[in-house]
Structures are given as C-alpha cells and as structure tokens.
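Note sheet for the following structure.
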Amino acid sequence: MNAPLRKAGVVILVLFGLLFANLNWVQGYKADDYRTSDYNGRVRVAEYQVPRGVIEVGGQGLAINKATEGTLKFLRVYPEKKLYAPIIGYKPVNIAEVGIERSENEFLSGASDKLFADRVSAMFTGDNAGGGNVVLSVKPKAQETAYKQVTNNERGAKKGSAVAIDPSTGAVQAMVSFPTFDPNPLVSHDTEAAAAEYKKLNEDKDKPLLNRALSETYPPGSTFKVLVSAAALQEGYEKSTEIPAGSTYTAPGSGAPIKNSEAETCPGSKVTLEEALTDSCNTGFAQLGVELGRDKVMKTAQAWGFEQEDLTVGNLEGPGLPVAASHTGAMANPDGSTDQAALAQSSIGQKDVRMTTMQGALMAATVANGGRQMRPYLVQQLLSPDRRPIYNASPQTLRTPIDGDVASDLKDMMVSVVENGTGKAAQIDGFQVGGKTGTAQNAVGADDHGWFIGFAFNDKGEAVSAVCVMLENVPGGHASAEAARIAGLIMKAAAGRGGD
Amino acid sequence: MAIVALYGATVEANQFGEITPTFWVPAALLSVLFLGLHLVVRYVAPYADPVLIPAVALINGLGVGFLRRLDVAKSIADKDPVPGYFAGAGGRQLAWTLVAVVLAAILLLVVRDHKTVSRYAYTLGLVGIVLVMIPAVLPGSLSEVNGAKLWIKMGAFSIQPGEFAKLALVSFFAYYLVRKREVLSLASRRFLGIDFPRGRDLGPVVTVWLLSLLVLVFEKDLGTALLYFGLFVVTLYVATERASWLIIGLVMFFGGVYLAYLLGAAVGGPFANFYDRATVWLDPFASENYERVGGSYQLVQGLLGLGTGGLFGTGPGAGSPGFVPEVRNDFIFAGMGEEIGLFGLSALLICYLLIVERGLRTALAVRDSFGKLVAGGLAFTLGLQVFVILGGITGLIPLTGQTTPFLSAGGSSLMANWLLIAMLLRISDAARRPTTGGPAASPGVPKQPPAQLHGAMTEVIRP
C-alpha cells in the first residue's frame, strides 16, 4: 500500500505547490492592482489616516477636517455649507470627489509630486502632517453678495448663476450656482446616508448638483450682440456707422419676422452701431449679422472662446473644473449654404447659440482688459502642509480676439448701455460701469432668461471686475434688469465697496 | 509559542499604540496547554512523531491571536472595554483549544492501540452517517447558518457534527477496505481496459459514502461533500493500489461538476448555488457578480486584502481585515494574509504541508493496513481541506465553504482536527515503535511477527 500512499503524498505536494504559486500571483504579481482597486475600501481608510489639506480663502477654511473616533480618522467639514459648494465640490467616502476637491485631490491628499520632499521628510520625522493646502482666488465679499443676490433675486427666478473675474488676471472673484446643495451630508462617514443624500440630490428635478456657471449653456440673447459689434468694428465699422434697423426685419428666405422688444426701440430705418447696442436693437443686429456673413460671425465667436471644449478653471498649471463649450450653431441649410434666417436669429443670440455664464464673464473681461482675454483660474496658491508656498498663480493670456482700439470702442459702447440704455440697473456710484443686457427666449411658453455681462472701472481707470449674471426663466418680463442690478452689486463688492 | 507571543505583542502595538503588560497571557496559557499535551504524549505515546504538536500548536496559536486581534479592533471601534482572555471570538477559540487539546489527550490515554478502533468500525460508520444526517433532518431554525444546514444549534452553542463524522467515516472505510482489499483488487471485471470490482464487495462502502454525499447536497455544503469524495477515492485507491479508482473518481468528479454547472445554468433549483459559485469564480471582478447578493463580494474583498498585504504584509494588527466578511471563519486566511503577507502565509502553508506529509509518512511507516489507511486518509483529507479552502479564497478553484483547520473560529472544527492529530500521534507512535518492543532491542534478535489485525482474516502483510 506504500506506493499509492507515496503518490498521494506527491498529489498533496502538487496541490500545495499550486496554492503557493497562486498565492504568489495574488500577493506578488496582482498586489498593486488589488491594492488600488476601486472595490478596496482600505484605500479609503488610508486616505483618512492623515488630515487632508485645507481649502481656504482669505485665511478662512472652506473645507476643513474634524478628528473623529471611527476607522476613518478625519471627517471633512464645509463650514460655509452651500456658499462655496459649486467651487469646492466635496470629497465623499465612497463615490468620486467633485470640484476643487477633485481637481486638487493629489495635492490635498499629499500624494502630489509637488509634495515629494515633504513626504520624504515626514518619513524620517514620523510626523505626517497630511496634505497640502489650497488657497482660492475668490473674494469672500463678492462671493457672499453674489450668492445672496442670486438666491434671493427680487423677481423670483428659481435658477441662476453668476461669475465674477478680475479682468486683468483672470482670477475668479465669485462663482455661484443656484439652487445649490450642502456638501456636508454627502461626505458623511455613514456611507449609506451619504449615498441616500446623493441620490436625493441627483434625482431632484432642479438639479442642485450642477454647476450652472460652468457646465450649462443657454441662449445668450442680446449679450451676443457684443460679439457681432466686435466683428463689425474689426470689419471697419465705427461706433457712429449707421446700420439698417426698423421695427421688423424678415431675413431672406425665412418665415418669422424679427422684432424689437419694445415698439419704441430703434423704429427708424437707420441707427448708429452705438445706439443699436445701447438700446439693444434686434432688427439692427440681425441685419448687421447677415451683412457681415455667417463666417465672420462664427469666426469672431470662436476667437472669443466659443467652441473651446477643453477649458478648465482651477490651477493654471494643472487640472481644474471643466467648462462646457459655448456654441454658435451651424446657421446652415441642409446643402451647406448659409441659412440667412438662422444667421439673423443667431446674430441676436437666439436660434442655436448657446453660452455658459463663464463665457459671458470672459467676454466682458476681454473688453475691460483692452482685448486680452486672461485664462480664468480659481487656485491662487498651493501651500505645503507647513504652509510653504509651492505654487503661485501667474496669470496667462488665453487669447487676444481684438486689438486695443476695438476694445476701447466696445468699452465705450457698453458703458453707453449702462449709462443711457437697457443696463441702467448695473450702475455703481464712483465706478464707470459698462455692460450688455440679454433677454433670451428659450422654450415655448416659458419665461425668458435674464442675462447681464459687464465690467467696472474704478476712479483710477483700472478694471476691477467683470461679471456675468444669468437668471433662468425670470417671471414677468424685462428679465435682464434684475440680472443687471445683481451684477452691479457683485462688482461693487468685488471692488471692496459693499457687500456688508 | 514565542512567535505567538510576539504576534500578540505586535497586534497590541499596532492596535493600541502600545504594548500592554499582559500581552503574553494567551500565549502563556497555550504554552502550558501544549506542554501538558506534550507530557501526555511522552507518557502514553513516547515514539509519536515529534513534529506534529509544535506545527499544529503554531497554527492554532496564531489563529487564537488573530481572532483576538479582531475582537480588540472591534472593541476599540465600538469603544467597548477590551474583552477578557476567554471572551470574544478569540477568547472562545482559546477555550475551545483547551477543550480540544484535553479531548486529544483523553483520546491518546484511552486508545492505547489504534487497532482497537477497528473493533468499533461498523458502529463508527453508523455514527458517522447519523452525525452527517442530524442537521439535514432538524428544522432550519436549529440547523441553518447562512443558508447551509450543517449545524446543531443549542442556545448559544452550535456544533458541526459533520466535522466529527469525517473521523468516524475514515475509520469505517479503512476497516472495511482492509477486510475486503484482496477481493476488491483481485475479483474484478475488466471493462474498457479498466478493472471494475464486483458490486457486492463495494456495496457497504458505496452506500455509506453515497448517503453522506446525498445528505451533504441537501445541506448545501459542497466543500465537505468534495472532501468526503476525495477521502473515499483516496482510501479506495490506497487500499486496492488500482489507479483505475483514481480515473473513475476523477471522471465522476469532473463530470459531476460540469453536469451540475450545466444544470445550474439551465434549471437552477438545487444546482443554482453551484452555478452561482462557478460564475463568481470565473469573473469575480465583474460588477454584476460583485453587486449581486451572494455574489463575489467576499471573494473580491479577500483577494483585495491579500493583494494589499503584498509580500511582507501590513504587520499584525495594522491591516483592515474587517473589510472581509466571514474573516473569522472561511476567510481567516485572507484576513491573516493582509497582515503577515506572502512570506507569512507561505510559512503557514509549509506548516500545513509538514503536518500532512508527516501524516502520510506515518502511514508509510506503520505496519498494519488499517493504520496505513486511517493515517493516510486522515492526512490526505487534512491536506485536501486546506487546499479546498485556500484555493477557494485565493481564486484558484471555486469557493466552497470550509473551515481552515486549526485557524478558523469554531469549536467543532478545532476539536475534530485535534482528535485527528491525536489519531495521527497514536498511529505514529505505533509506526516508530521499535519492532522488538523496546529501544534495547539488539540486531540479530529475530523480529516478532506483527500483531494480527482483529478480524482481518484476509490480511496479507506487505511491508
């Protein structure tokens, strides 16, 4: 019986050999895959072993940590709750992070190459201070004003967004989206409660999780006339050049005539370019657009940032919050020729033209900055755990769509809008304010969207802020007046004058 | 035991941030216990294999340490006081170890010659069947845990009678096969080039075996069914020295497995469980398998734990085995793997291999056929059990519920396996005892004929 016993012994040896080989495969070869697997909750635990970096503005922490007794040693806390939610986002335990928490995740968690030296020293001192800190460019007063004014707008609009940027640097001064959410329940260590809260927010028909300032596009209405004006000025038109107007205009080969918003708006057959913008003359710009041609209108829009798919707002040397592309639409017939009616409609910001709130703010900032469009950013500074500066934002020019002369003419025309025309509500004492209103029809039977893009110069002639305010479906007509009023208050706060 | 004490100390260092002055208590208790067993062995089985007890003690001790580490982690998380040395799963395991080792000692004291066991072979066979059947006939409330009907639950206690049935069935198989081996190996019909024995010779063995298998199918315990199958085929093979048994066994096994897989896919019902396990094994990381109830969640978490441990492990007490469900029972190896790494697990694996190969060596050395079959069967079953559960949790083979011998929490498993070790010790004592009846035997003294096995009239001694 010994021969079979010996063979049984060999079988056991082979079986154990297989076990050993497989164990090597699992713990050796596949170890890294398993260690970093999405299913691996240990990665999460490790992340919460050291405090995550703080996101702060003006010395105030917006995303901070609270020590807990649980397995996850630190709870992320957002003391300002809804106020900064669209910017900062959140860092939940079980689902992907969002906002600056996402784009600066490596730095905040301490895993970034930029913090390599800190990690090495922590290894020797045994004192792991955690991740690096992120300082935002936002001006708290401007942010608070924007949030308060947009959410409590006097016209009862239920959704909206606003962006304010420093025209000369691109630093974002304020960014709000309304309705919004409180990120705190989403980062609860009770992952089931957090998932339930996320599900509730995600299924909310008002979509509070969206960052409407960056990711949503809307018909820009008359704010688009700034671009058509720029195209005309570049073609040799002057502020005083007369363009055809009238109370109605029907484009070649189209059905519905284009009208002005009021009977008293540019009823005459001719109007200067400056007057057309000041009073937001629809018939004038529709005809101007047709006169300039589809290519000119589309190329101009692109030169100002339309159709850009890859813009992010965050760190100028790294990732950020993605900005949806604004579009002009094709304005073409099925055979590829210009659809004149569509071109006319598009020239007043209707038809298929879509724009983000950020793009509106960039347009105003470009005019205020003499034609140079600065790349917008949110991350002003990165600090190591011991608060050594690792990165300072150095402003970058994103594009230069117009020269200084055109910019200067456009600025004059937009100032005229606020001083004499449709944008009077945006005026601020002691500042020179320019802008353009927009009232955009969207769905049939729905209230119009109210837009305002604008800028403010202080008494030294420096551009202090450029803003875009967008209110969705404002009840009761004249939707843009409220947007203009709010824009004025935001710019005043950004300039350090008010908001208290 | 120094290793076990060191393990306990590291656990405390990692869990509390300090080593408490009493970290050595469980290790010391175990040391005293194993020393006691050693003394018993020295007294009643002086020639027993000296490797078995230390190897088993190491595994058992690490198991107690790891279970205690889980208790400590849980009490820290719940802010409860750290459990006493006999509280919690680790404490219970310590207590069960105590009971199991005492039982093993009693077995050694009572059974002075392993051949006496053969006298009760039919009784043992019947007892084995009854033990296996009890949970199947009991109502679910008294016998079901996690869908498998394997237990007898009495209040706070529950035992798994199937664990003990293993021992009884081995003895019965061994006895019967020894009696019939000549007939089995000689009187056979050749069919397709393979020798088949006559049905009436095999009858009782096949009946017992089929009954236990059927019962296990109803109890939904595939792992144990596989174990009994392997046990049966191997004892048969060793007794008859016919490779045909292996071929028949393997064909039946793989055929059965494939058939069950197909049936599970087609009709479900009692085979659905098997089909589920197979699909989960084939692709544990597929999200539909992972998210399904009863899917690959625990397999994946076990693998992730092993992967996280990597080569060196995170260190005892520094991992997060709490992510792995059933880490106290089936998945204890994955939980430990995270903390002691590939090297630690390899050492454990070698300990198991040592025990199994020592058992087989005992079977080779012992001179009576009954002893050979019992020792060989027990050692092989132990090895197979380690392979089935470890292969399952490392994704080598489909997962079947099994305890990891001497590691998993559970009194039945511990007691049964310690009794198994006691049997091996007893047989190894007989195997290594000098044939002349004492160490003083001098060469030239003629060897005494080996004692005849009781009732084995057809036995032919072939050393």
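Those protein sequence lines, which keep their order, are chains L and C.
Mapping to our numbering: the first sequence position 345 is 345, numbers consecutive.
To convert a position in the second sequence, counted from 1, into our numbering, add 1000.
Ideal Cβ positions, reconstructed from N, Cα and C, are used throughout, including at glycine.
For tryptophan 25 of chain L, no beta strand (DSSP E) run applies, since DSSP gives it neither H nor E. By the Cβ neighbour-count rule, tyrosine 29 of chain L is exposed, with fewer than 16 other Cβ atoms within 10 Å of its own.
Under the Cβ criterion (8 Å, minimum of three pairs), the stretch 23-37 of chain L does not count as touching the stretch 91-111 of chain L. Residues of the stretch 1370-1392 of chain C with a C-beta atom less than 7 Å from some C-beta of chain L are Lys1372, Gly1376, Phe1380, Gly1383, Phe1387, Leu1390 and Gly1391, listed in chain order. Close to glycine 1335 of chain C, with beta-carbon spacing below 9 Å, lies no residue of chain L; the smallest spacing is near 12 Å.
At a Cβ-Cβ threshold of 9 Å, glycine 1065 of chain C and alanine 1027 of chain C count as neighbours. Just so you know, the alpha carbons of alanine 1431 of chain C and glycine 1255 of chain C end up roughly 38 Å apart.
Closest by C-alpha distance to threonine 180 of chain L, out of L/Arg399, L/Glu192 and L/Ala162, is L/Ala162. If the five residues before and after glutamine 340 of chain L are omitted, its C-beta is found closer than 8 Å to the C-beta atoms of Ala251, Pro252, Gly253, Ser254 and Val290, all from its own chain and listed in chain order.
Taking 9 Å as the cut-off between beta carbons, the residues of the stretch 1230-1243 of chain C near chain L are Val1234, Tyr1237, Val1238, Ala1239, Thr1240, Glu1241, Arg1242 and Ala1243, in sequence order. Beta-bridge partners of arginine 399 of chain L (DSSP): L/Gln373. Taken atom to atom, the span from the alpha-carbon of aspartate 405 of chain L to that of lysine 114 of chain L is near 42 Å.
Within the same chain, Lys270 and Thr272 come within 6 Å of glutamate 242 of chain L by CB-CB distance, once the 5 residues on both sides are set aside. About 6 Å separates the beta carbon of leucine 1378 of chain C from that of glycine 1359 of chain C, a gap short enough to meet the 8 Å contact definition. Residues of the same chain with a CB within less than 7 Å of the CB of valine 1051 of chain C, apart from the 5 flanking positions on each side, are Leu1354 and Arg1358 in chain order. Using a Cβ-Cβ cut-off of 9 Å, proline 395 of chain L does not count as an interface residue toward chain C, since no Cβ of chain C sits closer than that to its own. In the structure shown, tryptophan 451 of chain L adopts extended strand secondary structure according to DSSP, grouped into three states. Pairing proline 51 of chain L with serine 177 of chain L gives a Cβ-Cβ distance that is not under 9 Å. Identification of chain L residues near phenylalanine 1323 of chain C by a Cβ-Cβ cut-off of 7 Å yields Gly41 and Arg42, ordered along the chain. Secondary structure of histidine 478 of chain L (DSSP, three-state): coil.
Per the DSSP secondary-structure output, lysine 259 of chain L pairs in a beta bridge with L/Thr248. The Cβ atoms of leucine 1231 of chain C and threonine 1381 of chain C sit closer than 9 Å to each other. Not flagged as an interface residue toward chain C: serine 337 of chain L, since no C-beta distance is shorter than 9 Å. When DSSP states are grouped into helix, strand and coil, proline 322 of chain L belongs to the strand group.
With contacts defined by Cβ atoms closer than 9 Å, serine 1171 of chain C and tyrosine 1120 of chain C form a contacting pair.
It is roughly 58 Å from the alpha-carbon of glycine 1376 of chain C to the alpha-carbon of serine 112 of chain L. Listed in chain order, the non-local C-beta contacts of leucine 1419 of chain C below 8 Å within the same chain comprise Ala1100, Leu1103, Ala1104, Leu1107, Phe1164 and Leu1167, local neighbours out to five positions each way being set aside. For asparagine 420 of chain L, same chain residues with a beta-carbon under 6 Å away, outside a window of 5 residues either side, are Thr278 in chain order.
Between the alpha carbons of alanine 324 of chain L and proline 167 of chain L lies a distance of about 20 Å.
Taking a C-beta distance under 9 Å as the contact criterion, serine 215 of chain L and threonine 356 of chain L qualify as a contact pair.
Within its own chain, the residues whose Cβ lies closer than 7 Å to the Cβ of isoleucine 428 of chain L, once the five positions on either side in sequence are excluded, are Ala456, Gly488, Met491 and Lys492, listed in chain order. Close partners of lysine 73 of chain L in chain C (Cβ separation under 9 Å) are lacking, with about 12 Å as the shortest Cβ gap. Collapsing the DSSP output to three states places serine 1171 of chain C in a helix.
Within the stretch 326-392 of chain L, the alpha helix (DSSP H) runs of at least 4 residues that lie entirely inside it are, in chain order, 340-347 and 357-368.
Contact between leucine 62 of chain L and glutamate 69 of chain L does not hold, since the beta-carbon distance rounds to 25 Å and is not under 8 Å.
Under the three-state reduction of DSSP output, lysine 159 of chain L falls in the strand class.
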